[in-house]
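Under my numbering, the first residue of the sequence shown is numbered 2, with each subsequent residue one higher. Glycine included, each C-beta is placed from N, C-alpha and C at the ideal position. Here the structure is a predicted model, which is why all the values come from computation and not from measurement. Everything on this sheet refers to the single structure shown next.
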Amino acid sequence: MKQKIECPYCDGNANLQKEAKELNYRKETFKIVAHFYKCEKCSEEFTTTEADTISLMQAHNQYREKNNIPFPEEIAAIREKYDLPASKMSEVLGLGANGYSNYENGEIPTPAYGNLISAASEPQTFMNLLDKAKEHFSGNAFKKVKERVAYLVHTEDENKNLCAILNVYNQPNNFTGYKKPVPTKIANLVTYFIQHSKPDFNDKLKLNKQLFFADFTHYKNYGASITGLSYQAIKYGPVPANYDNIYAYLENEQLISSQFLKLSNGGAREVFISEADFDKKLFNEEEKDTLSNITAKFADMPTWDIVELSHLEKAWKELEATRELIGYQDYAFELAAV
């Protein structure tokens with residue numbers, strides 16, 4: 002979001018302002034950081050579509066979390082894993098002709114429909130719903146989707162276990178930036194930073210900071226993280242809470258490998274290299290823009306410089322002593338380095 006724009010009321014410039022407020026949504030009240038502009042010349046205050054979106058999205062995020070309503074990406078992912086069009090998902094769940102498609106595109110379902118969609122994410126539950134909706138399928142189509150769901154019943158636990166290894170939370174909340182962690186997306190982001198940074202500085206310390214700044218910058222600008230990772234404040238700055246597991250997983254999958262650089266004092270430092278292909282289809286245009294900005298700022302920055310920069314963050318100052326997880330909604334709008 003732009004820090005300064007032209008004032009629509011006079012020929013002056015207006016600066017972006019942020020203010021803690023309460024916002025009512027569907028008869029519930031949520032604490033947000035409201036975004037608006039104030040003119041330097043005429044002192045008029047006004048909002049833009051972008052400012053209204055980031056303000057309202059904070060309330061939407063909290064409403065979804067409080068009422069266990071899945072987020073649009075989750076809703077789309079549930080349908081995609083069953084390899085069904087949105088119209089068929091609507092028929093299976095009884096949501097109306099365009100119901101499922103609307104929810105994928107951002108419309109927020111009622112808590113009852115949200116719980117139904119969440120329940121449908123479990124293959125065994127979906128199998129039961131599918132049997133009841135058999136009349137909406139041709140014979141061959143029904144057989145095909147049922148075979149797909151039966152396969153997922155046996156493989157779903159493996160994916161859940163992997164997410165539990167990589168992150169402390171598997172569902173969207175304040176500590177994931179209201180995104181569900183996706184292993185392939187986490188892997189691609191790590192390899193992206195390795196391939197777009199100065200090789201001598203590609204150690205865990207710097208990579209952890211780049212991940213933190215990417216996720217929290219994206220939340221600051223768009224109201225959601227990129228990876229869904231949870232971060233913890235420790236001695237050397239914010240880090241993914243399960244970062245050792247992340248690098249072990251990436252090495253086991255042969256997406257990254259480590260080597261040791263000799264130091265002038267006779268010691269050695271572990272850095273990572275990667276030749277994995279970056280799957281840009283996993284990231285939307287806003288996310289790719291955030292990655293470009295983070296790379297431009299930190300690609301050539303030495304490790305200890307980015308560590309010191311992270312120590313200036315309010316989140317680290319307030320939480321390091323107790324090694325707490327860092328809430329996106331609590332600290333992303335206070336981000337100072339980016």
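Leaving aside the five residues before and after A134 along the sequence, list all residues of the same chain whose C-beta is less than 7 Å from its C-beta, in chain order. So the qualifying residues of the chain are E92, V93.
In terms of DSSP beta bridges, what is F334 paired with? According to DSSP, which records beta bridges pairwise, F334 is partnered with nothing at all.
Our contact map puts I247 next to L163 with C-beta atoms below 8 Å; I'd like the distance itself, whole angstroms only. I247 to L163, Cβ: 11 Å. No contact.
For G140, does the count of other Cβ atoms within 10 angstroms reach 16, so buried, or fall short, so exposed? exposed
Which parts of the region 55 to 84 are runs of the alpha helix (DSSP H), unbroken and 4 residues or longer, counting only runs that do not cross its ends? 73 to 82
From the DSSP output, in three-state form, read off K42 for me. coil
Cβ distance (whole Å) where I187 is taken to contact L230 below 8 Å: Between L230 and I187 the Cβ distance is about 6 Å, and since that is below 8 Å, they are a contact.
Minimum C-alpha distance to L153 - residue among T177, M128, K315: M128
Which runs of the alpha helix (DSSP H) spanning at least 4 residues fall entirely within the region 243 to 323, listed in chain order? 244 to 253, 286 to 299, 304 to 311, 315 to 320
What residues in its chain sit with their C-beta under 6 Å from that of L313, if we drop five residues either side in the sequence? A337
Helix or strand or just coil, what does DSSP make of H155? Helix, per DSSP.
Continuous alpha helix (DSSP H) stretch holding N209: start and end: 205 to 223
Residues bridged to Q18 by DSSP? Looking at the DSSP assignment, Q18 forms a beta bridge with F37.
Can you tell me which of the three DSSP states E125 falls into? Correcting the residue identity first, residue 125 is Gln in this sequence and not Glu. Three-state DSSP puts Q125 in a helix.
I need the DSSP call for N174, collapsed to helix, strand or coil. coil
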